[in-house]
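Engineer: Those letters in the sequence shown? Residues -20 to -1, 1 to 268, per mature numbering (1 follows the signal peptide of the UniProt record, and there is no 0), in order.
From the three backbone atoms N, C-alpha and C, an ideal C-beta is built for every residue, glycine too.
This one's a predicted model, so the numbers in the text were calculated from it and none came from an experiment.
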Amino acid sequence: MLNINKIVLALIPWVLPLFMACNNNTKAYKQADTHQEKTIEDQDNIPDKLIEVGEGKSVDGNLSAKVFATDSLTDSYQELFIQMEDSKGTVVKKAKISLLPEMKMGMMAHGAPVIQPAESAANGFFKGGVIFIMPSSIESQHNWTINLLVDQMGEPSNRVNVPIHVKEVKEARTIAFDGGDEGRFFLSLIAPERLPVGNQFIRFMLHRVSKNEFPAVFDGYEIALNTHMPDMGHGSEGNENAKAAGEGYYKGKVNLSMPGLWEVKADLLKDGKKVSTEPVIFKIQVKK
Ligand SMILES: [Cu+2]
């Protein structure tokens, strides 16, 4: 709950104006124009095991889409695999798809950081990603939809809305924080709930919070990593700061030297100086 409140706080200055402007799609299409900016890593790497997390049809009935993921969705960095068919049942292999995630929270709405797919499908899937910054909540009527804006050669633009459900992760994997003069950010740890013992690479994505847009932060920053075992009162040597690895990804090293609960504390640095003004701490269960 604490994490949700923090994220709502991060969003509050513009959630309301967004609602007031919610009847026009200018913002949506503007975001679509930035399509070429970023693509997910390994566009062609499609896992063998995928589960369907949602489906939808365009209003004109000419396009249907199914969205797959490796597991049920949680409020964290999620890779999505999109399969589309035209009205004749032919699988679409080339299209410019813009993912537009939207959470409706009663009278308000907001988006989420996205990684747009490439324009050709691999094995019939367009691979993209969304960082779900909040879980769905049926009681509070917080509902996610992924809107797919689809442009195909020689076809009119189309749109498919795919309602999806996002479960809450046990330990936060996306954390909003204040970066002083640098603004507000989301830092997302790209890691499962559990990691093995050992010194290992660890990946993040960094996004700026700019009204209802979340541009990936490509470079100029570094993420200092410190490890700590809260139950034992010690840390570990051999961590390496996460450095820009392109397209908003950051890669570093953490030495999780024994099994148990670890905290990875991340500080955002610019030109070697700490700019984050609040602690950003990820909890990781480490197994043998
Ligand atoms: Cu929300």
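#1: Take residue 127 and list the residues in its own chain whose beta-carbon comes closer than 8 Å to its own, dropping the five residues that flank it on each side.
#2: In whole angstroms, what is the alpha-carbon distance linking residue 244 and residue 106?
#3: For the pair the region 251 to 262 and the region 213 to 222, tell me if three or more CB-CB distances fall below 8 Å.
#4: List the endpoints of the continuous beta strand (DSSP E) containing residue 241.
#5: Under 8 Å: do the region 148 to 160 and the region 37 to 52 share three or more Cβ pairs, one atom per stretch?
#6: Between which residues of its own chain and residue 265 is the CB-CB distance below 7 Å, once the five residues before and five after are set aside?
#7: Give the secondary structure of residue 228 by DSSP, where H, G and I count as helix, E and B as strand, and everything else as coil.
#8: Given 7 Å as the limit, tell me if residue 90 has its C-beta closer than that to any heavy atom belonging to ligand 1.
#9: How many Å lie between residue 103 and residue 26 at the Cα?
#10: DSSP three-state label for residue 178, please.
#11: I need the boundaries of the beta strand (DSSP E) containing residue 169, first residue and last residue.
#12: Taking the C-alpha atoms as reference points, what is the distance between residue 152 and residue 56?
#13: Take residue 251 as the anchor and find which of 239, 268, 224, 228 has the nearest alpha-carbon.
#14: How many angstroms separate the CA atom of residue 40 from the CA atom of residue 236?
#15: Does the distance between the C-beta of residue 212 and the nearest non-hydrogen atom of ligand 1 fall short of 7 Å?
#16: Suppose contacts are defined by Cβ-Cβ distances below 8 Å. Is residue 130 in contact with residue 137 by that definition?
#17: Pull up the distance between the alpha-carbon of residue 291 and that of residue 181, whole angstroms please.
#18: In the DSSP assignment, what are the bridge partners of residue 152?
#19: Under 7 Å Cβ to Cβ from residue 66, same chain only, skipping five residues before and after it: list those, please.
#20: Within the present structure, is the beta-carbon of residue 238 separated from the nearest heavy atom of ligand 1 by less than 7 Å?
#21: Could you tell me if the beta carbon of residue 122 falls within a distance shorter than 7 Å of some heavy atom in ligand 1?
#22: Given 7 Å as the limit, tell me if residue 64 has its C-beta closer than that to any heavy atom belonging to ligand 1.
Structural biologist: Looking at the coordinates:
#1: 8, 79, 80, 81, 82, 139, 140, 141, 142.
#2: Roughly 33 Å separates the two Cα atoms.
#3: no
#4: 240 to 250
#5: With a cut-off of 8 Å, the region 37 to 52 and the region 148 to 160 do not count as touching, because too few Cβ pairs lie within range.
#6: 173, 174, 241
#7: coil
#8: Yes, Cβ of residue 90 sits closer than 7 Å to a heavy atom of ligand 1.
#9: 7 Å
#10: Assignment of residue 178 by DSSP, reduced to helix, strand and coil, places it in the strand class.
#11: 164 to 170
#12: 8 Å
#13: Nearest C-alpha to residue 251: 224.
#14: One alpha carbon belongs to residue 40, the other to residue 236, and they sit about 53 Å apart.
#15: no
#16: yes
#17: Lying outside -20 to 268, the shown extent of the chain, residue 291 is not represented and no answer is given.
#18: Note: residue 152 sits in no beta bridge, so no partner.
#19: 42, 43, 72
#20: No, the beta carbon of residue 238 sits no closer than 7 Å to any heavy atom of ligand 1.
#21: yes
#22: no
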